[in-house]
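Chains as they are written, first to last, in the working numbering: chain A, 2 to 112; chain B, 845 to 958.
Ideal Cβ placement from N, Cα and C applies to all residues, glycine included.
The structure appears below as structure tokens.
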Amino acid sequence: GENVEQHPSTLSVQEGDSAVIKCTYSDSASNYFPWYKQELGKRPQLIIDIRSNVGEKKDQRIAVTLNKTAKHFSLHITETQPEDSAVYFCAALYSNYQLIWGAGTKLIIKP
Amino acid sequence: KAGVTQTPRYLIKTRGQQVTLSCSPISGHRSVSWYQQTPGQGLQFLFEYFSETQRNKGNFPGRFSGRQFSNSRSEMNVSTLELGDSALYLCASSTVATSEETQYFGPGTRLLVL
Chain A
2 GENVEQHPST LSVQEGDSAV IKCTYSDSAS NYFPWYKQEL GKRPQLIIDI
52 RSNVGEKKDQ RIAVTLNKTA KHFSLHITET QPEDSAVYFC AALYSNYQLI
102 WGAGTKLIIK P
Chain B
845 KAGVTQTPRY LIKTRGQQVT LSCSPISGHR SVSWYQQTPG QGLQFLFEYF
895 SETQRNKGNF PGRFSGRQFS NSRSEMNVST LELGDSALYL CASSTVATSE
945 ETQYFGPGTR LLVL
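Here's what the structure looks like:
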């Protein structure tokens with residue numbers, strides 16, 4: 002069936018350290034995997050996405066990697082800053098054009 | 845361009861009542877998706893409309909319904925409200941059906957059912 006599992010549910014890292022959030026998806030997911038960030042009290046916003054024809058994509062301190070064989074993709078944030086504190090959602094696009102979302106990861110940056 | 849707007853922003857209802865929420869997408873966007881967000885439950889997909897047609901539907905009971913108008917504005921209706929329907933309801937719009945397109949979220953409507 003269509004399912005996206007996201008881990009961990011909560012991640013606490015020291016400011017300046019790296020954070021990694023991992024999502025796995027079930028069969029039949031399409032070739033589009035976005036990540037959204039939702040700050041407290043705000044709406045989710047796209048921060049990065051990846052398509053299956055590439056294995057990695059970077060945007061400044063944020064990167065996403067995709068392993069199609071293992072059916073997982075990960076968000077990497079380097080040199081974390083206080084403004085990175087938020088809930089992060091991964092999603093996978095399935096063949097019926099429906100985005101299936103992970104349950105979210107609350108990232109806490111400790112000063 | 846103006847962003848996605850939702851009305852009302854806050855709503856208090858009692859059990860058994862019904863409620864209608866409205867979402868106005870970004871101009872030119874034809875796809876509108878609705879989500880229910882509760883603490884610890886992430887984003888639960890309700891349904892998606894494209895060109896006035898429901899294209900996808902999540903696993904919610906029939907009390908949850910929606911529609912889309914010719915100007916792409918969308919409404920969501922919940923009948924016979926239950927306490928568990930208390931949540932933040934988000935809509936998101938994109939240019940076409942939810943393919944490889946960014947979804948732009950509205951600020952949400954926070955519904956409290958007493």
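Stretch pair the stretch 945-956 of chain B + the stretch 855-874 of chain B: three plus CB contacts closer than 8 angstroms: yes
Contact set between B:T946 and chain A, taken where Cβ atoms lie within less than 7 angstroms: Start at 1 with the first residue of the second sequence, and residue 946 of chain B comes out as number 102. Those are L47, listed as they occur along chain A.
Where A:F90 meets chain B, residues with beta-carbon distance less than 9 angstroms: Counting from 1 along the first sequence, the entry for residue 90 of chain A is found at position 89. Near A:F90 (Cβ distances below 9 angstroms), the residues of chain B are G886 and L887.
Chain-ordered chain B contacts of A:A87 [CB-CB under 9 angstroms]: Taking the first sequence and counting its residues from 1, the one referred to as residue 87 of chain A is at position 86. Simply none; closest approach about 13 angstroms.
8 angstroms contact criterion, which B:G886 and A:A104 should meet: CB distance rounded: As a position in the second sequence, residue 886 of chain B is number 42, starting the count at 1. As a position in the first sequence, residue 104 of chain A is number 103, starting the count at 1. Rounded, the Cβ-Cβ distance is 4 angstroms, consistent with contact.
Cβ of A:A33 within 7 angstroms of any chain B Cβ: On the first sequence, residue 33 of chain A is found 32 positions in, with the first residue counted as 1. The amino acid occupying residue 33 of chain A in the given sequence is Tyr; Ala does not appear at that position. With 7 angstroms as the cut-off, A:Y33 counts as an interface residue toward chain B.
B:S945 classed as buried or exposed, judged by whether at least 16 other C-beta atoms fall within 10 angstroms: Position 101 of the second sequence holds residue 945 of chain B. Contrary to the premise, residue 945 of chain B reads as Glu rather than Ser in this sequence. It is buried - the Cβ of B:E945 has at least 16 other Cβ atoms within 10 Å.
Given B:S918 as reference, the closest of B:A936, B:K857, B:Y854 and B:Q880 once Cα atoms are compared: Working through the second sequence from its first residue, we reach residue 918 of chain B at position 74. Closest by alpha carbon: B:A936.
Three-state secondary structure assigned by DSSP to A:P83: By one-based count along the first sequence, residue 83 of chain A stands at place 82. The answer is helix: DSSP assigns A:P83 an H, G or I state.
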